[in-house]
Amino acid sequence: MESLDLPSDIIFEILTRTSLNTLGKCRLVCKEWNHMTYESSFTRLHCERTHTILGYFIQCMSRNKRTATFVSIDKSLDSIFDMSLNFLPRSVAIEASSNQGILYCESQEPQSLRNPRIPQYYVCKPSTKQWQAIPNPKTRYFTERTGMIVLGSNPLHYKIVRFSQPKFSFKSMGYYNLRCEIFDSKFWAWKQSKEIQLPHLVPLSYSPTVLASGTMYWLTTHNHVFAFHVDQESWSMFPIPKPFNENDHYKKKQLVEYQGRLALICMGREVGIEVWVMDDYGNQVWNKRQTLNMDALRREKCYASPHEVFTFRSDLEPNNLMGKKGFSQKLAFFPRKKVEYE
0 MESLDLPSDI IFEILTRTSL NTLGKCRLVC KEWNHMTYES SFTRLHCERT
50 HTILGYFIQC MSRNKRTATF VSIDKSLDSI FDMSLNFLPR SVAIEASSNQ
100 GILYCESQEP QSLRNPRIPQ YYVCKPSTKQ WQAIPNPKTR YFTERTGMIV
150 LGSNPLHYKI VRFSQPKFSF KSMGYYNLRC EIFDSKFWAW KQSKEIQLPH
200 LVPLSYSPTV LASGTMYWLT THNHVFAFHV DQESWSMFPI PKPFNENDHY
250 KKKQLVEYQG RLALICMGRE VGIEVWVMDD YGNQVWNKRQ TLNMDALRRE
300 KCYASPHEVF TFRSDLEPNN LMGKKGFSQK LAFFPRKKVE YE
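One point on numbering: in numbering that gives the first Met the number 0, the residue at position 316 of the sequence shown is 315, and numbering is uninterrupted.
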């Protein structure tokens, strides 16, 4: 598809001034636009012009308590935007992040002394200091994995998927089952979906959810990818690229989102870092996009290993976290500081 007969530099200028929501739609117009909007030069200029916050929440474990620190891709903005989670009424741990700056968190303190084991759950937008307590899922079932997806921005519509340990396990029957609950902000309630039945001894990895094209992905411990299709409330599994199944030269594997697609990053003992992208979901075709040299990384001294890393991208516009159901419980507007760029 041609880019509407406009010069690429004009399209670049227009797209760097669009909102996050509009940018996501523009990426669907054609491959040229999609590729352009993922270039590093575009990302930096778009963040500057639209005051978009882009970075990572690094969550570490210390003394059985998780703490999250935000790291921006542009260090000059760290002193301008306060992205701490101290505005929440309780100390929390991040359970899932979305592609629109909304986090799903669990309190690390009990709701009350009467129920010391029952936490409180929140959705929040750190860039605007908004938060909202949401109804609890079935907390008597231990949480295994969670994911979050934003389906609409005006009004805000999101879903949270929670997998938990069932009351009765069927491991002896050859499969590993998980309870599945889905919170829909449109109805402001959890509902139980059909249980997940994975092959025996194939649990999901502990890494945060990877979201691509409306599907949530987790890596399994047996070199497969577990996919949960939110719209259909169904799931599937498929293998990672063959080279990683046939040898053990790759000591670290991680699913990521790469230019809107599912990708796999693999760190090898000798081959360095490889980036493989799922180019054909229907036929499960992986293609290698990049190979990175690790010599520079090997010279770096690493003193800590994060427990979890959550990708974060947000604008500064307030959202009604309850969607059409009402108004957010907490809406803390704060004066915006003037942002100056060199």
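Note that beta-carbon positions come from the ideal geometry of N, C-alpha and C, so glycine has one too.
Do you know offhand how far R178's Cα is from F162's?
Here residue 178 refers to the residue found at position 179 when the sequence shown is read from its first residue. Here residue 162 refers to the residue found at position 163 when the sequence shown is read from its first residue. F162 has its alpha-carbon roughly 5 Å from the corresponding atom of R178.
Could you give the DSSP three-state label for K337: helix, strand or coil?
In the sequence shown, residue 337 corresponds to position 338, counting from 1. In this prediction, K337 has a pLDDT of 42, which is less than 50 and means its spatial position is unreliable; what the coordinates show is noted afterwards. The three-state reading of DSSP puts K337 in coil, since its state is none of H, G, I, E or B.
What are the complete alpha helix (DSSP H) segments, minimum 4 residues, inside the segment 37-72?
Listed in chain order, the alpha helix (DSSP H) elements of length 4 or more contained wholly in the segment 37-72 are 39-49.
Pair every Cβ in the segment 218-234 with every Cβ in the segment 201-209, then say whether three or more of these pairs are closer than 8 Å.
Counting Cβ pairs under 8 Å, three or more are found: they touch.
Determine whether the beta carbon atoms of K124 and G100 lie at a separation below 8 Å.
The residue given as residue 124 occupies position 125 in the sequence shown. The residue given as residue 100 occupies position 101 in the sequence shown. Their beta carbons are under 8 Å apart, which means K124 touches G100 by this criterion.
Hey, could you find the ends of the alpha helix (DSSP H) I13 is sitting in?
Walking along the sequence shown from the start, residue 13 turns up at place 14. Note, I13: alpha helix (DSSP H), 7-14.
Rounded separation between I239 and N114 - CA only:
Position 240 of the sequence shown, counted from the start, is the residue given in the question as residue 239. Position 115 of the sequence shown, counted from the start, is the residue given in the question as residue 114. Cα-Cα distance, rounded: 43 Å.
How far does the beta strand (DSSP E) with G23 in it extend, from its first residue to its last?
For the purposes of this step, residue 23 is identified with residue 24 of the sequence shown, where counting begins at 1. Looking at the DSSP string, G23 is not in any beta strand (DSSP E); the run it does join, the alpha helix (DSSP H), is 19-25.
Check whether the Cβ atoms of H158 and I181 sit closer than 8 Å, and answer yes or no.
Taking the sequence shown and counting its residues from 1, one reaches residue 158 at position 159. Taking the sequence shown and counting its residues from 1, one reaches residue 181 at position 182. In the sequence as presented, His is not what sits at residue 158; that position holds Lys. Judged by their CB atoms, K158 and I181 are nearer to each other than the 8 Å cut-off.
In its own chain, which residues sit with a C-beta less than 6 Å from the C-beta of S192, not counting the 5 before and 5 after it?
Position 193 of the sequence shown, counting from 1, holds the residue named residue 192. Listed in chain order, the non-local C-beta contacts of S192 below 6 Å within the same chain comprise C179, I181, E232, local neighbours out to five positions each way being set aside.
Across which residues does DSSP place V229 in a beta bridge pair?
Counting from one through the sequence shown, the residue named residue 229 turns up at place 230. Beta-bridge annotation (DSSP): V229 is not paired with any residue.
Using the three-state DSSP reduction, which class does W350 fall into: helix, strand or coil?
The first residue shown for the chain is 0 and the last is 341, placing residue 350 beyond what the model contains.
Straight-line gap, H228 to R144 (C-alpha atoms, nearest Å)
Taking the first residue of the sequence shown as position 1, residue 228 is located at position 229. Taking the first residue of the sequence shown as position 1, residue 144 is located at position 145. Their backbone Cα atoms lie some 15 Å apart in a straight line.
Using three-state DSSP, classify N114 as helix, strand or coil.
As a working mapping, residue 114 is identified with position 115 in the sequence shown. N114 sits in a strand when the DSSP states are folded into three classes.
Every unbroken beta strand (DSSP E) within the segment 136-188, with a cutoff of 3 residues, ordered by chain:
Unbroken beta strand (DSSP E) stretches of 3 residues or longer found wholly inside the segment 136-188: 142-152, 155-163, 174-183, given in chain order.
Inter-residue spacing [alpha-carbon to alpha-carbon] between D314 and S126
In the sequence shown, the residue the question calls residue 314 occupies position 315. In the sequence shown, the residue the question calls residue 126 occupies position 127. Roughly 7 Å between the two C-alpha positions.
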